[in-house]
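Chains A and B supply the protein sequences, listed in that same order. Positions 0 to 200 (numbering that gives the first Met the number 0) are the ones given, in order, by the first sequence. Positions 0 to 347 (numbering that gives the first Met the number 0) are the ones given, in order, by the second sequence. Note that CB positions come from ideal geometry on N, CA and C, so glycine has one too. One structure is given below, encoded as structure tokens.
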Amino acid sequence: MKRLIVTALVLLHTLVAGSLLIADDHSPTAQLQPVIDQIIRILDDETLKGDGQKEQRRNQIMDTIASGFDFKEMSRRVLGPTWNEISETERDYFVTQFTKLLENVYVGKLESYGGRTVEFVAERIKGKRAQVTTLTPYEGSKIPIHYIMQRELDKWMVYDINIEGVSLVRNYKEQFRAIIQTRQYEGLIKTIEDKNKNFAE
Amino acid sequence: MRKGLVPGRGFNLARLGNREISVLSNLQRITLFMLKSERGCYVRSLRLAELLKQSRLLGTGSFLFILSLVILIGLSHVTYAAETGGGGLGAGIDPSVENPYPDLLLETEDGLAGPDLLDDDPYLSEPEEVLGDPIFEDDFVFNVPPPNIFDPLEPVNRAIFVFNDKVYFWVLKPTKNVYSFVLPQDIRRSIGNAFANLAAPIRFLNNVLQGEFEDAGAVLSRFAINSTLGVFGFGDPAYVDFDIEPRLADFGQTLGKWSIGEGFYICLPFLGPSNVRDSVGFLGDVYMHPVPYFSESLTFDMAYLGVSRINLISISPDVYEELKRISLDPYVAARQAYYDYRRSEINP
């Protein structure tokens, strides 16, 4: 019984100390690192591997990503002026569809790897925005991935990913703009839905 | 920030002496070589014209052979244009499999690794301007920038994009698959090293033209070390033992650094995304490549290019297919990625 109490106290202490440590540090890197580490942990989790666990694994990964990535902000930025023209319901629906698209595109890609360590090599802060530079192993080399973040109250949230000067938000923004120009917002939503359906098959 | 030389890794560097000495002696050789090439330029263009004239009279068989080579050369460009910036012969063939991003390890203005991308926000006109807090939606004002890619030939470009796509899946990919099946990957990497080594003059000249003398020196050192210790460039002891990382440069990039505008967007048949400036740059790179100066026939040049391109794509990830997978409008995605990548290279 005594041992149990001691163990419980030690555990509690570690937990408190651990959370204090995180709460202490408000830097963008300190807030991004646990998110990335958690994603890697899920990818490495033996009990979650395989096609049978796909849905459970995806849900866990997406929940983790959502704690550090702001999909609404991404959606607003990729839509640009169109965001202001659509209704609140349409906005919510767009966010879910765009989130689904990013899940299919990037989480699908992540799943085929796993077991990697991401190095955090630089951090820049300008006003409410920050850039965290990481080196991510990929096929025997290390790729620099820059996370562009924005402070929302006391939390730094990622709203863009930049690899070799190519920004995720800008690339989709230009594609979406081209589609909206010819087929309006309805055409865009249709295209994203179709793409998501393609991934599901 | 670059790692210092580590003694006892393969060679005793202290005894080998100062690598600047070998650079100097090779500098003389290279200068001589460049002078000879410069003189050869006129003669060569004459010969090229002559060959082109003859090729019209060639039989159908040889014509088809050359055509298929051209297709192969070009197609490898489609896949790699986005990645290498379509910058021509030598630009993309760098062998640094272990670290293809040397720039990240070099010092930047603020002393941090990598480029500062925070000022490169599509919704920021003033770098110091701070976006409204998204919690309070009304603060958020879209400062919409005008489209910054000029593409007056879009319908034509889109047709060529579709054409390139077909050539990729019908010709290039099957060829690459056979090639990769026949040769193991480490051999293909060594071959890639050798091709990259021969393209060193492109990187050397362009680094000089850009005023990047330290990088030019690194290119020379790499060429000297890899041509000798690396056995005609098949190995890369310059990186493995001397920690000298490759320094990429191509003529389109040089023109860009000289503040020459991009001109309009062009999707080149076989060659993929480009613009007026980079197309000129590509031609410039062709003239800086040493192989055509020494070879006797256009067929050989084409074969050389074709094999080097197939080899390059066989040791690199499938950029083109990945792009198609993740985008809703691959044409716009490729165009945007090409411009973003080129701009980040030219104005880091």
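| Query | Result |
| --- | --- |
| Within 8 Å (strictly less), CB to CB, does A/V165 reach chain B? | yes |
| Find the nearest neighbour of A/E151 within the set A/K127, A/N195, A/I60, judged by alpha-carbon distance. | A/K127 |
| Report the rounded CA-to-CA distance for A/A129 versus A/E118, giving the unit in angstroms. | 17 Å |
| Residues of chain A with a CB under 9 Å from the CB of B/R342: which are they? | G164 |
| Report the rounded CA-to-CA distance for A/S66 versus B/A302, giving the unit in angstroms. | 53 Å |
| Express the C-alpha separation of B/L297 and A/V120 in angstroms, rounding to a whole number. | 47 Å |
| Can you list, in chain order, the stretches of the alpha helix (DSSP H) that have 4 or more residues and sit fully within the region 119–200 of chain A? | 167–199 |
| Check the DSSP bridge columns for B/S273 and list the partner residues they point to. | B/I265 |
| State the Cα-Cα distance for the pair B/I243 and B/P236, rounded to the nearest angstrom. | 9 Å |
| Is the region 323–337 of chain B touching the region 194–203 of chain B, taking contact as three or more C-beta pairs under 8 Å? | no |
| Give, in chain order, every residue of the region 310–336 of chain B whose Cβ lies closer than 7 Å to some Cβ of chain A. | P316, I325, S326, L327, D328, V331, A332, Q335, A336 |
| What's the gap between the Cα of B/V285 and the Cα of A/Y105? | 37 Å |
| CB-CB under 6 Å to B/P114, same chain, minus the five flanking residues each way: which ones, in chain order? | P347 |
| Rounded to whole angstroms, what's the CA-CA distance from A/I144 to A/F68? Just pull it up for me. | 15 Å |
| Can you check whether the C-beta of A/E173 is within less than 8 Å of a C-beta belonging to chain B? | yes |
| For the alpha helix (DSSP H) containing A/G49, name the first residue and the last one. | It is not in any alpha helix (DSSP H) - A/G49 carries neither H nor E in the DSSP assignment. |
| Going by DSSP in three states, B/F160 sits in which element: helix, strand or coil? | helix |
| Straight-line CA distance for B/L57 to B/V275? | Its pLDDT being 41, under 50, B/L57 is placed unreliably in this model, and the value from its coordinates should be taken loosely. Straight-line Cα distance between these residues: approximately 32 Å. |
| Expressed to the nearest angstrom, what Euclidean distance is found between the alpha-carbon atoms of A/Y184 and A/D193? | 14 Å |
| Classify B/P114 as helix, strand or coil using the three-state DSSP reduction. | coil |
| Of all the CB atoms in chain E, is at least one closer than 8 Å to the CB of A/N170? | Here chain E cannot be found, since the structure's protein chains are A and B. |
| Starting from B/Y340, trace the alpha helix (DSSP H) in both directions and tell me its first and last residue. | 329–345 |
| Would you say B/G271 lies against chain A (beta-carbon separation less than 8 Å)? | no |
| When the cut-off is 8 Å and only beta carbons count, does A/A177 lie next to chain B? | yes |
| Determine, using beta carbons only, whether A/I179 and A/L167 come nearer to each other than 8 Å. | no |
| For chain B, find out if any of its Cβ atoms is closer than 8 Å to the Cβ of A/A121; answer yes or no. | yes |
| Chain A beta carbons: is any one of them nearer than 8 Å to that of B/A112? | yes |
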